[in-house]
Each structure stands twice: as C-alpha cells, then as structure tokens.
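Inspection log for the structure reproduced underneath, given as structure tokens.
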Amino acid sequence: MKTIRFDQIRDAIAGLCQRANFELTADMRAALQAGVERETSPLAQNTLKRILQNADIAKERSLPMCQDTGLVIVFVDVGQDVHIEGGTLRDAINEGVRHGYKEGFLRASVTGDPIQRKNTGDNTPAVLHTEIVPGDALRLQLLAKGGGCENMSRFKMLTPADGRDGIVNFVVETAKLAGPNACPPIVVGVGIGGSFEYSAVLAKKSLLRKIGERSALQHVAELEADILKKVNESGIGPQGYGGKTTSLAVQIEVAACHVASLPVSVNIECHAHRHQEVTL
Ligand code: SF4
202 MKTIRFDQIR
212 DAIAGLCQRA
222 NFELTADMRA
232 ALQAGVERET
242 SPLAQNTLKR
252 ILQNADIAKE
262 RSLPMCQDTG
272 LVIVFVDVGQ
282 DVHIEGGTLR
292 DAINEGVRHG
302 YKEGFLRASV
312 TGDPIQRKNT
322 GDNTPAVLHT
332 EIVPGDALRL
342 QLLAKGGGCE
352 NMSRFKMLTP
362 ADGRDGIVNF
372 VVETAKLAGP
382 NACPPIVVGV
392 GIGGSFEYSA
402 VLAKKSLLRK
412 IGERSALQHV
422 AELEADILKK
432 VNESGIGPQG
442 YGGKTTSLAV
452 QIEVAACHVA
462 SLPVSVNIEC
472 HAHRHQEVTL
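Last residue of the sequence shown: number 481 in the working numbering, and the count goes up by one each step with no gaps.
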C-alpha cells in the first residue's frame with residue numbers, strides 16, 4: 202500500500218493547470234508546424250505561424266495561450282494499492298485548481314449553477330473521471346477545455362444499420378458545423394459504442410492521446426484516417442480562413458455496446474489544446 206498525501210495531489214494539479222495553459226505540448230507544436238509546411242495559401246500559413254508564435258510567447262512569459270483558460274477536466278487512474286491521506290481526492294483536485302488558477306493569474310471560467318450562472322471565482326469545481334486500476338500509482342491527466350470548441354460537440358444515437366458510413370457522415374458533419382467557431386485547426390475526439398453517457402467520456406478521453414498516434418486497432422485507425430481526410434477536404438482551414446489544415450487529428454476510442462445501439466459522441470478541441478499529466 203502506498204500513501205499519497207492530499208497536498209501532493211493539490212500541488213501536482215496546481216502545476217498541471219499552469220503548465221497546460223502556458224505550454225503547448227510538443228506533439229501539438231509539431232502538428233501545427235507540419236500544417237505550415239503543408240499549406241500553400243499564404244493566409245493559412247501565416248495563421249498557423251501566428252498560432253505557433255502565440256504559443257512561444259505564452260511559454261516564455263508564463264502567460265495563458267488563450268483568454269479562455271478552460272474548464273478543468275481530470276482523468277484519474279487510481280491504483281488499487283493507493284491510500285490517500287489528509288482529505289478526499291476530489292477536494293485535493295479542486296484545491297489544486299484553486300491554487301493553480303489564482304497563482305497563475307488564470308481566468309476563472311466556471312459557473313457554479315448552470316441556470317443561475319454565478320461565477321465561482323476560482324475555476325472550481327473540476328470535472329472528475331476516475332478509474333480503479335492495478336498498482337500503487339496515481340495518474341493524473343488534466344485538460345483545460347475551452348468553451349467555444351466544447352460548444353461545437355455533438356452526440357447522436359445511430360442505429361447499427363447506419364454502420365461505418367453513418368459514423369463518418371456524422372463526425373464530418375459535426376466538424377463542418379463547427380466551422381471557424383471551434384478555433385481550427387481542431388482535434389476531433391470521437392467515442393463510439395459504450396452507452397449514451399460513456400461514448401461522451403470516451404470522446405473526451407481520446408483527446409489525451411498524442412497527436413498523430415493512431416488507434417492500435419487497424420479498422421479504427423483506418424476510420425480515423427478517412428474522417429481526417431474528409432474533414433480537411435472541407436477547406437475551412439486555420440481559424441476558418443480557408444486551407445488544408447482544418448483538423449490536425451481525428452482520435453477515436455471504442456467500447457462494446459448493446460446490439461441495438463450505435464452511440465457516437467464527437468468532442469471538438471481547438472488549436473489551444475491544453476493537456477498535461479503526471480504520475481505520483
Ligand atoms: S475555442 Fe480554444 S482557442 Fe478558441 S477561444 Fe476557446 S479556448 Fe481559446
């Protein structure tokens with residue numbers, strides 16, 4: 202049994218909140234740079250260069266790369282041999298978000314009640330997904346998820362008869378409807394199967410994968426490549442100015458589902474794809 206203290210989790214989360222907002226990951230940087238090489242339109246090239254320049258300035262000066270500093274989503278793999286001491290996991294994570302956002306001068310973007318809409322003032326609470334796994338480690342994967350791109354996400358309960366073509370059409374349609382509103386180039390997270398709610402969790406979780414890393418399942422990897430090609434043929438381009446780089450990646454997670462159902466969720470992520478992780 203390994204003991205992990207409340208303050209270790211709090212401090213780790215605070216650090217992840219700031220790193221996610223200040224530092225674009227190397228895989229995202231490489232994907233944006235590849236877009237610069239691929240584009241032939243000067244406007245599209247220039248837009249991608251500006252996005253990269255913005256990310257560089259954010260990192261150098263410890264500034265958020267976007268004014269929308271996101272809703273914090275945390276996926277936690279909890280080793281079954283871990284004991285958390287000094288408080289609950291949820292409280293430690295929220296305390297970390299509170300510290301990270303206050304000390305990093307990051308905008309508070311969370312409303313406590315979705316109807317009354319009063320800002321909580323410290324970007325809490327985070328959305329938490331936990332899974333019990335073997336071992337004695339605690340893995341924290343954090344996303345700071347922008348509101349504009351999140352709003353472009355969609356769910357549809359397809360029928361099994363809709364099949365592969367139905368999935369392709371729905372995901373491509375979703376990316377096209379998002380257009381410039383999701384701040385492209387986007388990352389398209391897709392969850393297929395499971396249940397109504399689980400497909401949405403899978404779509405979100407797929408965004409944690411390294412950009413450019415295909416699914417280990419051959420038929421899913423082919424589906425990712427087909428959808429990516431079609432989304433990029435839309436011509437929406439960086440920030441909607443036209444071009445070949447509407448999406449940097451399509452990332453699909455799948456799960457078993459009922460024989461009568463084919464749930465599909467699409468979670469759209471923007472060019473400010475902020476995610477970081479740590480294992481305690
Ligand atoms: S969608 Fe992303 S890049 Fe656009 S405003 Fe929101 S967080 Fe910023």
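By construction, the Cβ of each residue, glycine as well, lies at the ideal position given by its N, Cα and C atoms.
This one's a predicted model, so the numbers in the text were calculated from it and none came from an experiment.
Secondary structure of histidine 472 (DSSP, three-state): coil. In this structure, serine 466 places its C-beta atom within 9 Å of the C-beta atom of serine 400.
In the displayed model, glutamine 440 falls within a helix according to three-state DSSP. The beta carbons of lysine 445 and glutamate 240 sit about 6 Å from each other, so the pair counts as a contact at 8 Å. Within the DSSP secondary-structure output, valine 402 pairs in no beta bridge.
When the five nearest sequence neighbours on each side are left out, the beta carbons in the same chain lying within less than 8 Å of the beta carbon of alanine 231 are those of Ile412, Gly413, in order along the chain. Not one heavy atom of ligand 1 falls within 8 Å of the beta-carbon of cysteine 218. Along the length of the segment 303–341, whole beta strand (DSSP E) runs at least 3 residues long occupy 328–334, reported in chain order. With fewer than 16 other Cβ atoms inside 10 Å of its own Cβ, methionine 202 counts as exposed. Secondary structure note for glutamate 240: it is in no beta strand (DSSP E), with a DSSP letter that is neither H nor E. Relative to ligand 1, the beta carbon of alanine 473 is positioned inside 8 Å of a heavy atom. The same chain holds no residue with a CB closer than 7 Å to that of alanine 227 once the five nearest residues on each side in sequence are set aside. Here the C-alpha atom of isoleucine 214 lies approximately 24 Å from the C-alpha atom of isoleucine 469. Rounded to whole angstroms, the Cβ separation of glutamate 478 and glutamine 342 is 4 Å, and the two are in contact under 8 Å. When Gly297, Leu233, Asp278 are compared, the shortest CA-CA separation from phenylalanine 207 is found for Gly297. Inclusion of alanine 256 and glutamate 304 in the CB contact set at 9 Å is not warranted, their separation being larger than that value.
DSSP, read as helix, strand or coil, puts aspartate 278 in strand.
For threonine 375, the enclosing alpha helix (DSSP H) covers residues 364–379. Note: cysteine 458 is bridge-paired with Gly395 in the DSSP secondary-structure output.
Taking C-beta atoms as the reference points, glycine 301 and cysteine 218 count as a pair closer than 9 Å.
Assignment of proline 361 by DSSP, reduced to helix, strand and coil, places it in the helix class.
For arginine 211, the enclosing alpha helix (DSSP H) covers residues 207–223.
Distances from the alpha-carbon of alanine 345 to those of Thr331, Leu307, Asp363 put Leu307 closest. At a Cβ-Cβ threshold of 9 Å, arginine 318 and threonine 325 do not count as neighbours. Setting aside the 5 residues that flank it on each side, arginine 291 is surrounded in the same chain by Leu329, each with a C-beta closer than 7 Å to its C-beta; the list follows chain order.
In the three-state reduction of the DSSP assignment, lysine 203 falls in the strand class, which pools E and B. Alanine 456 is positioned such that its CB atom lies closer than 9 Å to that of glycine 392.
Excluding five sequence positions before and after arginine 365, the CB atoms of its chain that fall closer than 8 Å to its own CB belong to Leu424, given in chain order.
Not a single heavy atom of ligand 1 lies less than 8 Å from the C-beta of aspartate 366.
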